[in-house]
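Some notes on the structure that comes next.
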Amino acid sequence: MNSKHSNYSSKSKAFDSFHEKVQRWIWRKGWKALYDIQEESTPIIMKGEDDLIISATTAGGKTEAVFFPVVSKLAFEIDKNPPKSFQVLYISPLKALINDQYQRLEDLCSSVGDIFVCPWHGDASKSKKMQGLKNPQGILLITPESLEALFVNRGYEVTRLFNDLRFIVIDEIHSFLGLERGKQLQSLMSRVDHAIGRSPSRIGLSATIGDMEIAANFLHPNNGDKVKIIKSCNDARELKVQLRGYLDTTSQLDQDSKEVHESVSDISEHLFKTLRGENNLIFANSKSVVEKCSDQLRLLSEKLGVLNEFLPHHGNLSKTIREDAEYLLKEQNKPASIVCTSTLELGIDVGSVRSVAQIGAPYSVSGLRQRLGRSGRRDDDPSILRIYVREEEITKDTAVSDKLRFELVQGISLIQLLVQKWCEPSRDEACHFSTLIQQVLSVIAERGGITAEKLYYVLCKKGAFSNVASNSFVELLRCLADQKHDIIQQSCDSTLLLSPKGERIVNRYDFYAAFQSSEEFKIIANGKTLGSVPGKLAPVKEDAFMVFAGKRWKVIRIRQKEKIIEVIKAAGGVPPRFCSVGGRIHDHIVKEMFKVFISEEQPLFLNEQAVSLLNEGRNNFVQNGLDERWFVQEGEYVSFFTWSGSKITNAICLLLLNNGLKVDPSGQIVQVKTSEHELINALKLILKNANKLKPLDLAMSANNKVFEKHDIFLSEELLSMDYEKKYLDLDGAINLIRFIIEAKSPREFCL
DNA sequence: GACCTGCTGCGGGATG
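Take 1459 as the starting number for the first sequence in the working numbering and just add one per residue.
Following this line, the structure appears as structure tokens:
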């Protein structure tokens, strides 16, 4: 017995440095060797000084790479003196992940001895939280929102809770990059630093990161170049991919969506035939597609009199429905497949999955890579991906833009970029004024009051909002204090305080989240909650039919006041549409699409129908001379192919609008109601005046800039500053226009 | 024209 132990230890420096009780735990588990990332992370974490990012696949042993050395370190220190505060702050984007990690850590920590693990989120046990408050020590597992609540409600205790803190660990760090929630998280980390007067070592964990530099700068702003990076290289799994094309000949019927819905689509039939009997994930780009597809798969099962193995999963379904589906997928002996949105993209453990399907072209390589990472868990299994794209039949009325088979080509480009290992960088230059408002109110609540200078120092100068200049900050405070909003006020000694209205905002329980959430109607059948639909869509009429949770229902009562819709089982129905703002696509993907159009190569991963659709798209591309021409005139509209991502295309649209043209953007093609000659004249005029044009002025000219939670309190100028950084690329747009005016071709632009 | 995430403190009632 002893020899196995010493063999192990003679090979591994990391293992040798662990606390004896951690060594014994690993040994008992029968683990033969540590992973590379665990060997590499251990010396850095045992030293306990540097920031670190560890990137590896979902089952790549990241948790252990952090917690073997961390728990060893805590165990060595307990031997010397008992801690009086939490020593590790672990922050996760998901409650479910906290529950998972709690199970794993409890097992390790209870066998090591006196290391307390405290799970803390909205659904976590109250007694564990009280225990953590009374006797803080060991590891706190918490969500950003619950940490925000600690600052607001127990601001006077934060220093005591974290005084001996050694590590801040951020799980699934990529899921925070560039978002409101990410900015909030950065601010919370920096507020912890301020509360204890030093900066504990930060550790970020990630399954996929396009650009490590950006993740490093996120983890520790202004200190990013000192963050150490460990990347797992055993990502050599074989990839099997197929893109399947389908031709929709029923488009004429589409107005009567009910009729189309009754017919089981050929994509569902292929999914049913290919995936039944195994565990799979089927991703769709929208919740209503999830509903439609899972309903069709259930119908097919009923028709054949077999057990239904296909279950829906998305953010509007109730917790129990979702958990039931996750549980079934985890059960290895019963085959089950889940039709889902990006709910199952992140790190929830759903066990081993045979293959991944994607309905409709994906929008980003990073998302696709994340989804693919779910398939083939065992090392020797290949990752299997099937992408299904439906294009409509071409008639004499079809517009050029639709004849190109853009969605299919987008799918091809994304697969090619995936294979090339390219990934979107998640640049975050936005000011995040909405989240800054939340943090301003939170710090005032935490400290009971604070001067403007000190507030600027804590949040901006030495905080997460370092790109906000002091004059912008002053304007933001003015917006909050003005008569219209009256959220904060200044006392005679110039301390900023919450006004009664501000108090009400901070004391509502929805204050802690940095992101917006809309009002929703609950859907109830026989007293059981199925889930919810957004308020805007809710007033479906009584007696209406609907599809929800993969089944068909009839609405029997709408209780407007309580926001409840009662339903019973029924035979017909259409899925509700869930609305949301449009997405963004990266420049590089659109350029890759151009390359697919001009290439003569046939990708090997296409089925027969996809090959003929691609040929059709390429022929139409050539016939319209789109490698040399930017514009195609059709009736009173010019289709303008920008071959650029969303930021440049948005800027082009605004520039044209401001020059009095009627513009209708559809994806990467801008429809302009004018002649080609007039359009070129407009572009010449824009270029001539380009040096007078400021990005901020362009942003000021855009309508509807209120997107985020506290945007309603901002002035037009602050709103425009954020809008410009997030949605516009004026330099890129001017560069594109220069290309066009200098009579250079799309070919020169893209290659 | 896409997607997801999260939530305090308190009081009342049932249960051991």
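By construction, the Cβ of each residue, glycine as well, lies at the ideal position given by its N, Cα and C atoms.
As the structure is a computational prediction, the values presented were derived from the model and not from experiment.
In the three-state scheme derived from DSSP, where H, G and I count as helix and E and B as strand, residue 1533 is classed as helix. Exposure of residue 1542 is indicated by the presence of fewer than 16 other C-beta atoms within 10 angstroms of its C-beta. Secondary structure at residue 2148: helix, using DSSP grouped into helix, strand and coil. Cβ atoms of residue 1742 and residue 1801 stay farther apart than 8 Å, at about 11 Å. The DSSP assignment places complete beta strand (DSSP E) segments of no fewer than 3 residues inside the region 1609-1657 at 1625-1628, in order along the chain. In this structure, the CA atom of residue 1744 is about 45 Å from the CA atom of residue 1592. Of the other Cβ atoms in all chains shown, 16 or more fall within 10 Å of the Cβ of residue 1794; this residue is therefore buried.
Distance check between residue 1941 and each of 2171, 2161, 1601 places 2171 closest, using alpha-carbon atoms only.
Residue environment analysis places residue 2189 among the exposed positions, since fewer than 16 neighbouring C-beta atoms fall within 10 angstroms of its C-beta. Each residue's CA atom was taken as its position, placing residue 1866 and residue 1817 some 11 Å apart.
Spanning the alpha carbons of residue 1724 and residue 2050 requires a straight line of approximately 29 Å. Separation of residue 2074 and residue 1759 (C-alpha to C-alpha, rounded to the nearest whole angstrom) is 35 Å.
Looking only at 2201, 1510, 1616, the smallest Cα-Cα distance to residue 2088 is reached by 2201. Annotation: residue 2182 is outside any beta strand (DSSP E); the continuous alpha helix (DSSP H) that includes it extends over 2174-2185. With respect to the C-alpha of residue 2020, the residue from 2012, 2008, 2046, 1978 having the closest C-alpha is 1978.
The beta carbon of residue 1908 sits closer than 8 Å to those of 1901, 1902, 1916, 1953, 1954, all from its chain and outside the five residues before and after it, given in chain order.
Going by DSSP, residue 1473 is part of the alpha helix (DSSP H) stretching over 1471-1475.
When rounded, the separation of the alpha-carbon atoms in residue 1531 and residue 2151 is 57 Å. The beta carbons of residue 2022 and residue 1980 sit about 5 Å from each other, so the pair counts as a contact at 8 Å.
Our two residues, residue 1655 and residue 1526, have alpha carbons roughly 27 Å apart in a direct line.
Per DSSP, residue 1485 lies in no beta strand (DSSP E) segment; the continuous alpha helix (DSSP H) that holds it begins and ends at 1478-1486. By the criterion of a C-beta distance shorter than 7 Å, residue 2185 is surrounded in its chain by 2105, 2108, once the five residues flanking it on both sides are discounted. With three or more CB-CB distances shorter than 8 Å, the region 1572-1585 counts as touching the region 1595-1602. Assignment of residue 1561 by DSSP, reduced to helix, strand and coil, places it in the helix class. A straight-line Cα-Cα distance of about 8 Å links residue 1897 and residue 1642. Scanning its chain for C-beta atoms nearer than 6 Å, with the 5 sequence neighbours on each side dropped, one finds around residue 2173 the residues 1937, in chain order.
Boundaries for residue 1874: no beta strand (DSSP E) harbours it, while the alpha helix (DSSP H) harbouring it runs 1864-1877, taken from the DSSP string. Using a C-beta cut-off of 8 Å, the region 1495-1508 makes contact with the region 1644-1662, since at least three inter-stretch Cβ pairs fall below that distance.
The region 2191-2200 and the region 2145-2161 touch, with no fewer than 3 CB-CB distances between them shorter than 8 Å. For residue 2087, the three-state secondary structure derived from DSSP is coil. The beta carbon of residue 2070 sits closer than 6 Å to no other beta carbon from its chain once the five residues preceding and following it are set aside. Residue 1764 counts as exposed, since fewer than 16 other beta carbons sit within 10 angstroms of its beta carbon.
It is roughly 47 Å from the alpha-carbon of residue 1509 to the alpha-carbon of residue 2198. By the Cβ neighbour-count rule, residue 2135 is exposed, with fewer than 16 other Cβ atoms within 10 Å of its own.
Residue 1798 has 1741, 1771 as its beta-bridge partners, per DSSP. Here residue 1849 carries a strand assignment [DSSP, helix/strand/coil].
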